[in-house]
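Protein chains in written order, with our numbering: chain D, 118 to 434; chain S, 183 to 271; chain E, 319 to 432.
Glycine included, every Cβ here is placed at the ideal spot set by N, Cα and C.
Nothing here was measured: the structure is a model prediction, and the numbers come from that model.
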Amino acid sequence: MATALAIVRLNDLFAVVMLAGIYSLLSAAFFVDLNAVDVAFTEASVGAGISTLLMLASLKLVKRHEEKTRYKPLLALGVVTITGALLIFGTLDMPHFGDPDAPAHQHVAPRYIEDSGTEIGVPNIVTSVLASYRGFDTLGETVVIFTAGLGVMALLLVSRRTKEESKKLVPADMRQQIILRVVAKMMLPLILLFALYVQFHGDYGPGGGFQAGVIFAAGIILYTMLFGLGVTQRVFKPELIALLTASGVLIYAGVGVACMLLGGNFLDYSMLSHDPVHGQHLGILLVELGVGITVAAVMITIFHKFTWRTVKHKYDK
Amino acid sequence: MFAVTALAILVVMVLALARAFLGPTLYDRILAVNNFGTKTVLLLAVMGFLSGRPDFLDIAIVYVLINFISVIGILRFFEWSTKEPVEEA
Amino acid sequence: MELILDILSWFFLLGGSFFCVTGGVGLLRFPEFFSRIHAASLTDTLGAGMILVGLMFQAGWGLVLPKLILILLFSLIAGTTASHAMAKAALKSGLQPKVVGNLESDSGGAPSNS
């Protein structure tokens, strides 16, 4: 709570970014305490890692200190207070947190926990709920991430002229940062391999598409920070990344449509193979792959677009 | 046995936080946050053994990487915002 | 056999905790930034290494052991590189280490090559 209050009151945006990172880390600790390991995993990697990096990248584009607002937004405060009070009043009827008699705990959770073993056969129930029982929600989340990437791409357009000149960006003087570069080169394959491990191990332990995509993107962001945008973009061309962003969502929705074509409902993985449990495994594998691809590509896109903005001024005559 | 270690690590985390609040220069604070992150990794590993769930080690590995990349990111941010960068991007 | 493993674990865990705590106290009590980096990163690496080795003796021959080895390797590499990067960035931005007495060179205490 103290960190949240400090975030609101502080004017120095860099301190705000740091406090937001600490806040995410503390939330991850809470989740670990509540025995929700997958959520803690995602919160730690996304909240404390990628969010901090992306917010720092955007801070380079804007001023470091927040400007004082010149008017008192009393009307907005009033509306927010009334809406908040109404929402809280509405939740008074809901069952208490962790109440064993709540409908969610009486019907929904036991069904998932008891039947997940026989119907899906994947040891990690979180993955089975996320990718199969609530697969449609996860498709929505993936589309949201894709839309965020689209928004960044639309707002920070790179014109064709500057794209030609970006190919001329040469790698900087190696002697400047040699230790960091050598270490980064050593660690990068391990980071990417670990991302793949998390992606495909998501069925058995904590992990899955979101975390894996984030870790992959973090590795590439490390490389971009130390070696420069030009070098990275020779491998990860902007067109290729844009294609990957869309293809992840396409894989996900494509699996759903394939299930429909094979005679089942949308995203009913049992139709994918001769044996329903096998079909579930295959469906979850493909779907998580789609999620991972989209998340990684969107994070890389956002970071590259922000970084491009900060060096663009050298090429605008 | 693990409880003693966990307690010691918690003590160090509090000390590092104190330095993060106090440290006169910016780099003191970055150092304190990096140290806090390393201790978090150790705490995660020890708590994994305390509670008997080895899954925590995956989170520990992720956090080592995230800590490292974040500190590098912060340092590059300050290198770029204090003066004109000497190299491309 | 169990007893030997337990004793070794105890030794490493306690040693590691001791080094971590001294590192933390050093972080608070040293006078300026460069000495604090010394205290924090040296004792940090040693303490972390000992704690992880202590944990390794407690783990069986399963998946846990390679993961602990991986954490140890990453920690060593990442920790030392991060402190190098911090010291270098601090030097570049003008922070000078405190020196006692006179030095002929004009740049205070920074070495002439980085």
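Between residue i and chain D, is the shortest Cβ-Cβ distance under 7 angstroms, so that the two count as touching?
i, result
"S/Ile241", "yes"
"S/Leu247", "yes"
"S/Phe259", "yes"
"S/Val196", "no"
"E/Ser327", "no"
"S/Val193", "no"
"E/Leu413", "no"
"S/Lys265", "Residue placement at S/Lys265 is flagged as unreliable, the pLDDT there being 45, under the threshold of 50; the coordinate-derived value follows with that caveat. No - not a single Cβ of chain D is within 7 angstroms of the one on S/Lys265."
For a cutoff of 7 angstroms on Cβ pairs, would you count residue i as touching chain S?
i, result
"D/Ser141", "no"
"E/Ile322", "no"
"D/Phe158", "yes"
"D/Ile205", "no"
"D/Ala153", "no"
"D/Ala413", "no"
"D/Ile308", "yes"
"D/Leu339", "yes"
"E/Phe351", "yes"
"D/Met303", "no"
"E/Gly342", "yes"
"E/Ala357", "no"
"D/Met416", "no"
"D/Ala334", "no"
Determine the contact status of residue i and residue j, defining contact as a CB-CB distance below 7 angstroms.
i, j, result
"D/Val315", "D/Gln294", "no"
"E/Leu346", "S/Leu197", "yes"
"E/Gln376", "E/Ser335", "no"
"S/Phe250", "E/Ala407", "no"
"D/Ala174", "D/Ala161", "no"
"D/Gly78", "D/Gly365", "It is not possible to answer for residue 78 of chain D, since the shown part of chain D is limited to 118 through 434."
"E/Gly433", "E/Thr363", "Examination of residue 433 of chain E is not possible in this model, given that chain E is present from 319 through 432 alone."
"D/Val261", "D/Lys422", "no"
"S/Ile241", "D/Phe158", "yes"
"E/Leu381", "E/Leu370", "no"
"D/Ser141", "D/Ala121", "no"
"D/Ala248", "D/Val404", "yes"
"E/Ile389", "S/Ile191", "no"
"E/Phe330", "E/Gly372", "yes"
"D/Thr362", "D/Thr411", "yes"
"D/Leu378", "D/Gly252", "no"
"S/Arg211", "D/Met342", "no"
"S/Val194", "E/Cys338", "yes"
"D/Gly324", "D/His318", "yes"
"D/Asp320", "D/Thr208", "no"
"D/Thr259", "D/Tyr386", "no"
State the CB to CB distance for the pair residue i and residue j, rounded to an integer number of angstroms; the pair is presumed to be in contact (CB under 8 angstroms).
i, j, result
"D/Gly195", "S/Asp237", "Rounded, the Cβ-Cβ distance is 47 angstroms, inconsistent with contact."
"D/Val197", "D/Thr169", "About 27 angstroms separates the two Cβ atoms, so there is no contact after all."
"D/Tyr340", "D/Leu305", "6 angstroms"
"E/Thr361", "E/Gly333", "Actually they do not touch by this definition, with Cβ atoms about 11 angstroms apart."
"D/Gly266", "D/Ile419", "7 angstroms"
"D/Phe353", "D/Ile338", "No, D/Phe353 and D/Ile338 are not in contact; Cβ-Cβ is about 11 angstroms, not under 8 angstroms."
"S/Val246", "S/Ala188", "Between S/Ala188 and S/Val246 the Cβ distance is about 18 angstroms, and since that is not below 8 angstroms, they are no contact."
"S/Thr220", "E/Ser393", "7 angstroms"
"E/Glu350", "E/Lys410", "E/Glu350 to E/Lys410, Cβ: 17 angstroms. No contact."
"D/Ile139", "D/Ala335", "So it is not a contact: roughly 18 angstroms between Cβ atoms."
"E/Ala405", "S/Asn217", "No, E/Ala405 and S/Asn217 are not in contact; Cβ-Cβ is about 14 angstroms, not under 8 angstroms."
Do we get a CB-CB distance below 7 angstroms when we pair residue i with the residues of chain E?
i, result
"S/Ala188", "no"
"S/Phe250", "yes"
"S/Val253", "yes"
"D/Leu406", "no"
"D/Leu297", "yes"
"D/Val300", "yes"
"D/Thr424", "no"
Residues within the stretch 388 to 404 of chain E neighbouring chain D, beta-carbon criterion of under 7 angstroms
Ile395, Thr399, His402 and Ala403
Scan the stretch 207 to 236 of chain S for residues whose Cβ lies nearer than 8 angstroms to a Cβ of chain E and list them as they occur along the chain.
Thr207, Tyr209, Asp210, Ile212, Leu213, Ala214, Asn216, Asn217, Thr220, Lys221, Val223, Leu224, Ala227, Val228, Phe231 and Pro236
Taking a cut of 8 angstroms between CB atoms, which residues from the stretch 321 to 332 of chain D lie near chain S?
Gly322, Pro323, Gly324, Gln328 and Ile332
The stretch 400 to 416 of chain D contacting the stretch 327 to 343 of chain D, beta-carbon criterion three pairs below 8 angstroms
In short, these stretches touch, since the Cβ pair count reaches three.
contact_flag[the stretch 386 to 404 of chain D, the stretch 342 to 354 of chain D] where n(CB pairs < 8 angstroms) is 3 or more:
no
Three or more C-beta pairs under 8 angstroms: does that hold for the stretch 200 to 211 of chain S against the stretch 351 to 360 of chain E?
yes
If contact means a Cβ-Cβ distance below 9 angstroms, which residues of the stretch 164 to 178 of chain D contact chain S?
Ala165, Gly166, Ile167, Thr169, Leu170, Leu173, Ala174, Leu176 and Lys177
Chain S contacts from the stretch 229 to 260 of chain D (Cβ-Cβ distance under 9 angstroms):
Within the stretch 229 to 260 of chain D, no residue qualifies.
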